[in-house]
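Q: In this note's numbering, the protein residues as written are 653 to 979. Beta carbons are placed, not taken as given, at the ideal position from N, Cα and C, and that holds for glycine.
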């Protein structure tokens with residue numbers, strides 16, 4: 653992967669500390685401090701961000717194990733080949749809600765999907781290039797560098813509470829949000845397993861409420877969403893929890909937006925090929941559970957609804973997908 657380094661001046665950070673910002677419940681991102689400004693010679697903080705590539709040639713997605721670097725934002729994508737998989741919860745799954753049933757076979761065309769959740773470094777570049785304009789982004793705290801711009805958290809997932817802000821990023825990057833079916837196949841493979849790695853859950857494989865990932869409190873620990881401190885993990889961590897296609901953090905860390913509108917009974921009449929979700933609705937589907945979620949929310953079949961403006965648990969993220977070229 654090719655990377656481009658850019659710097660954020662400590663003067664800029666000092667400005668953030670000194671400026672009276674909105675309360676933490678507002679969390680409004682301001683475009684008044686673009687993060688790719690040239691740093692002073694003294695005390696600059698270097699952060700590596702995937703660079704755009706001039707090569708826009710997309711390979712055909714044909715087999716598990718293929719990877720591709722997006723030419724738009726430099727993110728690593730993995731191939732999910734065409735074929736059938738089991739979607740929804742089995743009758744034996746006592747944690748499942750009725751909206752997860754019946755379990756049914758679905759055929760999907762091949763597609764590419766981001767290996768990891770979109771990071772703060774990724775999202776901040778979209779903001780800097782003028783393509784992303786989030787109303788709510790976790791930067792407004794008065795006592796220390798906020799989560800989104802803190803140098804220690806650039807490889808952590810961007811917390812995007814409004815689904816349209818996630819859509820804006822994917823469009824800027826030449827991609828789209830995955831459908832619920834694409835997301836679920838990417839998470840569990842073809843055999844209907846409960847979690848990406850199998851049938852049991854532990855903190856080595858997933859970041860959820862039972863795992864003690866909370867940093868020691870102190871003046872240098874930024875907030876994470878609406879929790880008192882950050883409980884997310886770096887997006888490329890916990891490789892033991894990889895899905896059959898190699899995706900990371902499909903269970904836990906942050907909830908992830910998908911493109912489908914939510915309906916409680918959609919599975920009773922959804923198409924058997926390439927389902928796109930209901931035509932319209934009041935809520936979007938979110939998948940995977942977050943760092944503060946219960947174990948039942950981390951199951952691959954778990955479905956939760958989220959308003960397009962969704963703040964209640966403070967940990968919402970996303971990854972992008974794209975169709976593959978026809979060989």
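Quick one, which of 768, 709 and 732 has its alpha-carbon nearest residue 905's?
A: Position 253 of the chain shown, counting from 1, holds the residue named residue 905. Closest by alpha carbon: 768.
Q: Looking only at its own chain, which residues have a Cβ that is under 7 Å from the Cβ of residue 861, when we skip the five neighbours before and after it?
A: Mapped onto the chain shown, residue 861 falls at position 209. Only 944, 945 and 946 meet the Cβ criterion.
Q: Which residue spans inside the segment 825 to 896 form an unbroken beta strand (DSSP E) run of at least 3?
A: Listed in chain order, there is nothing to give.
Q: From this set, 765, 807 and 820, which residue's C-alpha is nearest residue 782's C-alpha?
A: Stepping through the chain shown from its first residue, residue 782 is reached at position 130. Considering only alpha carbons, the answer is 820.
Q: For residue 802, is the classification buried or exposed, using 16 other Cβ atoms within 10 angstroms of its Cβ as the cut-off for buried?
A: Looking up residue 802 in the chain shown gives position 150. Residue 802 comes out buried.
Q: Give the list of continuous beta strand (DSSP E) stretches no shorter than 3 residues that lie fully inside the segment 734 to 803.
A: Segments of the beta strand (DSSP E) lying fully in the segment 734 to 803: 735 to 739, 756 to 760 and 763 to 766.
Q: In whole angstroms, what separates the C-alpha of residue 825 from that of residue 898?
A: Working through the chain shown from its first residue, we reach residue 825 at position 173. Working through the chain shown from its first residue, we reach residue 898 at position 246. Distance between the alpha carbons of residue 825 and residue 898: 21 Å.
Q: What are the partner residues of residue 969, as DSSP defines its beta bridges?
A: On the chain shown, position 317 is the one that residue 969 refers to. In DSSP, residue 969 forms a bridge with 908.
Q: Closest by CA to residue 600, which one among 842, 852, 849 and 889?
A: The structure shown does not extend to residue 600, since the chain is modelled only from 653 through 979, so no value can be given for it.
Q: Pull up the CB-CB distance for residue 887 and residue 808, whole angstroms please, since I reckon it's below 8 Å.
A: To locate residue 887, count along the chain shown from 1; it is residue 235. To locate residue 808, count along the chain shown from 1; it is residue 156. The Cβ separation is near 7 Å, so the contact holds.
Q: Am I right that residue 1018 and residue 839 are in contact with their C-beta atoms under 8 Å? What's the rounded C-beta distance?
A: Outside the modelled stretch of the chain, which goes from 653 to 979, sits residue 1018, for which no answer is possible.
Q: Just the C-alpha distance for residue 922 and residue 804, rounded to the nearest angstrom, thanks.
A: As a first step, residue 922 must be located in the chain shown, where it is residue number 270. As a first step, residue 804 must be located in the chain shown, where it is residue number 152. Going from the Cα of residue 922 to the Cα of residue 804 covers about 43 Å.
Q: By Cβ distance, which residues of its chain are closer than 7 Å to residue 863, with the 5 residues on each side in sequence left out?
A: Position 211 of the chain shown, counted from the start, is the residue given in the question as residue 863. Result list for residue 863: 855, in chain order.
Q: Name, in chain order, the residues that DSSP records as bridge partners for residue 927.
A: Residue 927 sits at position 275 when you count from the first residue of the chain shown. Bridge partners of residue 927: none, in fact.
Q: If you reduce the DSSP assignment to three classes, tell me which class residue 942 lands in.
A: By one-based count along the chain shown, residue 942 stands at place 290. The answer is coil: DSSP assigns residue 942 none of H, G, I, E or B.
Q: State the Cα-Cα distance for the pair residue 925 and residue 758, rounded to the nearest angstrom.
A: In the chain shown, the residue the question calls residue 925 occupies position 273. In the chain shown, the residue the question calls residue 758 occupies position 106. Going by the C-alpha atoms only, they are around 6 Å apart.
Q: Relative to the C-alpha of residue 776, which candidate in 917, 789 and 765 has its C-alpha closest?
A: Your numbering for residue 776 matches position 124 in the chain shown. Here the closest residue by C-alpha is 789.
Q: Which term fits residue 834, buried or exposed, when burial requires 16 or more other beta carbons within 10 angstroms of its beta carbon?
A: On the chain shown, residue 834 is found 182 positions in, with the first residue counted as 1. With 16 or more other Cβ atoms within 10 Å, it is buried.
Q: Determine the DSSP secondary structure at residue 732, reduced to helix, strand or coil.
A: Taking the chain shown and counting its residues from 1, one reaches residue 732 at position 80. Three-state DSSP puts residue 732 in a strand.
Q: Are the beta-carbon atoms belonging to residue 909 and residue 942 less than 8 Å from one another?
A: Against the chain shown, residue 909 aligns to sequence position 257. Against the chain shown, residue 942 aligns to sequence position 290. Contact flag unset, no.
Q: Return the Cβ separation of residue 797 and residue 968 in integer angstroms, given the expectation that the two are a contact with Cβ distance under 8 Å.
A: Along the chain shown, read from residue 1 onward, the residue named residue 797 stands at position 145. Along the chain shown, read from residue 1 onward, the residue named residue 968 stands at position 316. With a Cβ gap of about 21 Å, residue 797 and residue 968 do not count as contacting.
Q: Could you tell me the distance, in whole angstroms, from the CA atom of residue 893 to the CA atom of residue 853?
A: The count along the chain shown starts at 1 and reaches residue 893 at position 241. The count along the chain shown starts at 1 and reaches residue 853 at position 201. Residue 893 and residue 853: Cα-Cα distance of roughly 9 Å.
Q: Flag this pair as yes or no: are the beta carbons of residue 951 and residue 747 separated by less than 8 Å?
A: By 1-based counting over the chain shown, the position of residue 951 is 299. By 1-based counting over the chain shown, the position of residue 747 is 95. Contact flag set, yes.
Q: Taking C-alpha atoms, which residue in 732, 715 and 717 lies nearest to residue 973?
A: By 1-based counting over the chain shown, the position of residue 973 is 321. The residue with the shortest Cα to Cα distance from residue 973 is 732.
Q: I'd like the span of the beta strand (DSSP E) that includes residue 956, first residue to last.
A: Within the chain shown, residue 956 is the residue found at index 304, counting from 1. Segment 956 to 958, the beta strand (DSSP E) holding residue 956.
Q: Am I right that residue 895 and residue 841 are in contact with their C-beta atoms under 8 Å? What's the rounded C-beta distance?
A: As a first step, residue 895 is located in the chain shown; it is residue number 243 there, counting from the start. As a first step, residue 841 is located in the chain shown; it is residue number 189 there, counting from the start. Yes, residue 895 and residue 841 are in contact; Cβ-Cβ is about 7 Å, under 8 Å.
Q: Mapping DSSP to helix, strand and coil, what is residue 937?
A: Working through the chain shown from its first residue, we reach residue 937 at position 285. Looking at residue 937 - three-state DSSP - the assignment turns out to be strand.
Q: Output the boundary residues of the beta strand (DSSP E) element that contains residue 721.
A: One-based indexing of the chain shown puts residue 721 at position 69. Run containing residue 721: 719 to 721, per the beta strand (DSSP E) assignment.
Q: I believe residue 971 touches residue 814 by the beta-carbon criterion, under 8 Å. Please report the beta-carbon distance rounded to the nearest angstrom.
A: For this step, residue 971 is matched to residue 319 along the chain shown. For this step, residue 814 is matched to residue 162 along the chain shown. That pair is no contact at about 16 Å.
Q: Starting from the Cα of residue 948, find the closest Cα among 741, 717, 727 and 735 and give me that residue.
A: Translated into positions along the chain shown, residue 948 becomes position 296. With distances taken between Cα atoms, residue 948 lies closest to 741.
Q: Using DSSP's beta-bridge definition, name the partner residues of residue 917.
A: Residue 917 sits at position 265 when you count from the first residue of the chain shown. Residue 917 is not bridged to any residue.
Q: Taking only the alpha-carbon atoms, compute the straight-line gap between residue 935 and residue 870 and give it to the nearest angstrom.
A: The residue labelled residue 935 in the question sits at position 283 within the chain shown. The residue labelled residue 870 in the question sits at position 218 within the chain shown. Each residue's alpha carbon lies about 37 Å from the other.
Q: Under a Cβ-count criterion, where at least 16 other Cβ atoms within 10 Å of its own Cβ denotes burial, should residue 750 be classed as buried or exposed?
A: Indexing the chain shown from 1 puts residue 750 at position 98. Residue 750 is exposed by the Cβ-count criterion.
Q: State the DSSP-derived secondary structure class of residue 974, mapped to helix, strand or coil.
A: Residue mapping note: residue 974 aligns to position 322 of the chain shown, counting from 1. In the structure shown, residue 974 sits in a strand (DSSP, three-state: E or B).
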